[in-house]
Amino acid sequence: MNKSVIALSITLALTTSLSGCSSFSNPASPVPNVVNAQGNEAKRVNEVVAQYFDEMLVLDPLTATYVGINTYNDKFIAPISPQSIEEDKAFEQQYLDRINAIDVNQLSGQDLLSYQVFKRDREVALASFEFPEHYIPFNQMYGIHNDFAMLGSGESSQPFNTVKDYQDFINRAKGFSAYMDSAILSMREGAKEGIVLPKVIVKKLIPQFKTHLVKNIKDSVFYEPVKQLDKNNAINTQDKKQLRAEYTQMIENVIIPTYQKTLSFLTTEYAPLASDTVGLSHLPNGTAWYDHMISYHTTLPLTADEIHEFGQQEVARILSEMEKVKQTVNFKGSLPEFFIFLKEDEQFYFKSPEQVIAAYEGVKDKINSRVSQLFEVFPKADYQVKEVEAFRAASSAGASYEAPAPDGSRPGTFYINTYNLKAQPNFIVETLSIHEASPGHHFQASIQQEVESLPMFRKFGNFTVYEEGWALYAESLGKEMGLFTDPYQWYGRLVDEQLRAMRLVVDTGLHAKGWTREQAIDFMTKNSSMADTDIEAEVERYISIPGQALAYKTGQRAIQQMRKKAKETLGEQFDIKKFHTQILIDGSLPMPILSAKIDRWVEAQK
Numbered sequence: 005m006n007k008s009v010i011a012l013s014i015t016l017a018l019t020t021s022l023s024g025c026s027s028f029s030n031p032a033s034p035v036p037n038v039v040n041a042q043g044n045e046a047k048r049v050n051e052v053v054a055q056y057f058d059e060m061l062v063l064d065p066l067t068a069t070y071v072g073i074n075t076y077n078d079k080f081i082a083p084i085s086p087q088s089i090e091e092d093k094a095f096e097q098q099y100l101d102r103i104n105a106i107d108v109n110q111l112s113g114q115d116l117l118s119y120q121v122f123k124r125d126r127e128v129a130l131a132s133f134e135f136p137e138h139y140i141p142f143n144q145m146y147g148i149h150n151d152f153a154m155l156g157s158g159e160s161s162q163p164f165n166t167v168k169d170y171q172d173f174i175n176r177a178k179g180f181s182a183y184m185d186s187a188i189l190s191m192r193e194g195a196k197e198g199i200v201l202p203k204v205i206v207k208k209l210i211p212q213f214k215t216h217l218v219k220n221i222k223d224s225v226f227y228e229p230v231k232q233l234d235k236n237n238a239i240n241t242q243d244k245k246q247l248r249a250e251y252t253q254m255i256e257n258v259i260i261p262t263y264q265k266t267l268s269f270l271t272t273e274y275a276p277l278a279s280d281t282v283g284l285s286h287l288p289n290g291t292a293w294y295d296h297m298i299s300y301h302t303t304l305p306l307t308a309d310e311i312h313e314f315g316q317q318e319v320a321r322i323l324s325e326m327e328k329v330k331q332t333v334n335f336k337g338s339l340p341e342f343f344i345f346l347k348e349d350e351q352f353y354f355k356s357p358e359q360v361i362a363a364y365e366g367v368k369d370k371i372n373s374r375v376s377q378l379f380e381v382f383p384k385a386d387y388q389v390k391e392v393e394a395f396r397a398a399s400s401a402g403a404s405y406e407a408p409a410p411d412g413s414r415p416g417t418f419y420i421n422t423y424n425l426k427a428q429p430n431f432i433v434e435t436l437s438i439h440e441a442s443p444g445h446h447f448q449a450s451i452q453q454e455v456e457s458l459p460m461f462r463k464f465g466n467f468t469v470y471e472e473g474w475a476l477y478a479e480s481l482g483k484e485m486g487l488f489t490d491p492y493q494w495y496g497r498l499v500d501e502q503l504r505a506m507r508l509v510v511d512t513g514l515h516a517k518g519w520t521r522e523q524a525i526d527f528m529t530k531n532s533s534m535a536d537t538d539i540e541a542e543v544e545r546y547i548s549i550p551g552q553a554l555a556y557k558t559g560q561r562a563i564q565q566m567r568k569k570a571k572e573t574l575g576e577q578f579d580i581k582k583f584h585t586q587i588l589i590d591g592s593l594p595m596p597i598l599s600a601k602i603d604r605w606v607e608a609q610k
């Protein structure tokens, strides 16, 4: 399947009434299950989107596992080939034709939203086939090599409870090996066309493959489910013995050779062919490719120049706010000297990973006690704070969020990367917790899964601009909830927003204006107090996933504009809790579709 499908993530959604609004008088009550009055066209919409989702899971069994459907846990995605690409394209075209045959004028409420989102998804998916993404099937940020290891760790979505569960993964491993073989062939073809990863990214990839070449099988992350057998009372002793033997063979004969083969290809054949340049515009048809990525990630009609200018304005504004913090804490030097002070003074850094986790667990209770000031709907699922696993810590982001299991068997997970403690200053604890957990991604991701009536493709669909725009907007609510009273915690909020503002400048600089990696690093160093290693990781992230980093600030701005417009229109009738319900109630939506929905809600309130 197309990589955009493989990357499906869990996001927030609630069901709504025909007018696109709903009332929640009791925040502790379950979300109501609203059923739309279904006309013929409405039924056709729901049939089309349901059939698409079911067929998509067959084509992309990894997504099935991620969303809690275990029917295909022994299957893997098809190897990359011209035939599989054409089949994927035909699949998307078939469903675009089907949705286009429906009369949109007869739709309203959830049915209208489903039609609009599904149609846009198919159009964007088809547009993606104009660009050879299959020539670059993985990078250090996103790739099947890491996703598969997480699935096989026993700590993710792949279940390991029964004999069949273990056998399913053994069979899935064979599919992984075949896929990686096809990825090598595809990357070879890409090299012939001049479409290759930058050298700096290949350098970051290599350690991710090396980490799986263990001398002792028991040190492999893939052996972790075997260790769990000791506590599994549902599997008898003989079966446990057999599974240990089969898993040892799988790791020795399939897993390690697959990672070794790909590593050898990367180091001996691919690295010498990798690019010295880092921007998408340097690749064939790269300018159009980047324009597509801007549209894909932001869902907005923005140009690289517009985004670059907006970013520069925001960077300057936030620097002036940082200057005020410097004055508040009576620091006598310049702002660059203040940045150095914040980077180097030990008072701003944790002494151990345990201290990091304890700090975030502590602020969790503080935030959770205040969210009712601005919200009327809350997730039933809890979340846990957890360190990023060792096998991916060296090249992973500083923090991330994984949604809870759809069946409630696993809470949400707020991952903190403790690999480099200098990249985790204590003054970002409040703002980062808001962003990744409550009321940021945890609200947005968990509540959606708790609604039974939402179409599956929306229940498990995602738009980066909505999700990251919401999380960054949520950070801006901190002061309204009585947080950020400590000037350094407020500075941490500014640090986070400055990072997102710099992303606008750097991402467009790299991919549309010919910036080098060094130029990007220099810009971020001059305009923030971020650790050098953190800046390097950020820049290499933007190199790897063009346009994705633009979604945070553009999404935040769009939501802020919706709030401002709604408040100006409704005046004293404006209720911030109900506004937040409306932003969250229908899940992840493209910004134009969300904005139109909010306009309809505002009109209904008059």
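Each residue of the sequence shown is one higher than the one before, starting from 5 at the first, in our numbering.
We put the CB at the ideal spot given by N, CA and C, even for glycine.
Extent of the continuous alpha helix (DSSP H) to which residue i belongs
i	result
residue 315	308-332
residue 577	No alpha helix (DSSP H) contains residue 577, which DSSP labels as neither H nor E.
residue 475	468-479
residue 45	44-63
residue 254	241-254
residue 505	491-516
residue 87	86-104
residue 229	228-231
residue 153	148-155
residue 296	290-302
residue 266	260-268
residue 78	Element bounds for residue 78: n/a, residue is neither H nor E.
residue 485	It is not in any alpha helix (DSSP H) - residue 485 carries neither H nor E in the DSSP assignment.
residue 175	167-196
residue 394	394-397
Per-residue DSSP class, three states only, for residue i
i	result
residue 37	Bear in mind that the predicted position of residue 37 carries a pLDDT of just 42, short of 50, making it unreliable; the figure below should be weighed with that in mind. DSSP places residue 37 in coil when its eight states are reduced to three.
residue 22	For residue 22, the predicted model reports a pLDDT of 22, less than 50, meaning its position is unreliable and no value from the coordinates is stated.
residue 429	strand
residue 389	strand
residue 137	helix
residue 274	helix
residue 606	helix
residue 455	coil
residue 593	coil
residue 549	coil
residue 613	Summary: the structure shown does not reach residue 613, with the chain confined to residues 5 through 610, and so no result is reported for it.
residue 73	coil
residue 600	helix
residue 567	helix
residue 348	helix
residue 411	coil
residue 374	coil
Residue i - containing beta strand (DSSP E), residue span
i	result
residue 416	416-420
residue 404	403-406
Anticipated Cβ contact below 8 Å, residue i with residue j, distance rounded
i	j	result
residue 143	residue 209	7 Å
residue 547	residue 282	5 Å
residue 584	residue 343	Not confirmed; about 34 Å, so no contact.
residue 377	residue 485	6 Å
residue 609	residue 565	No, residue 609 and residue 565 are not in contact; Cβ-Cβ is about 18 Å, not under 8 Å.
residue 172	residue 77	4 Å
residue 478	residue 430	The pair is not a contact, with the Cβ atoms about 20 Å apart (cut-off 8 Å).
residue 594	residue 121	7 Å
residue 147	residue 410	The Cβ separation is near 24 Å, so there is no contact.
residue 318	residue 557	7 Å
Distance CB(residue i)-CB(residue j) smaller than 9 Å
i	j	result
residue 446	residue 467	no
residue 129	residue 96	yes
residue 497	residue 315	no
residue 225	residue 248	no
residue 525	residue 540	yes
residue 448	residue 592	yes
residue 545	residue 553	yes
residue 464	residue 125	no
residue 423	residue 408	no
residue 381	residue 589	yes
residue 112	residue 50	no
residue 221	residue 256	yes
residue 602	residue 570	yes
residue 308	residue 294	yes
In DSSP terms, what residue i is bridged to
i	result
residue 279	202
residue 353	429
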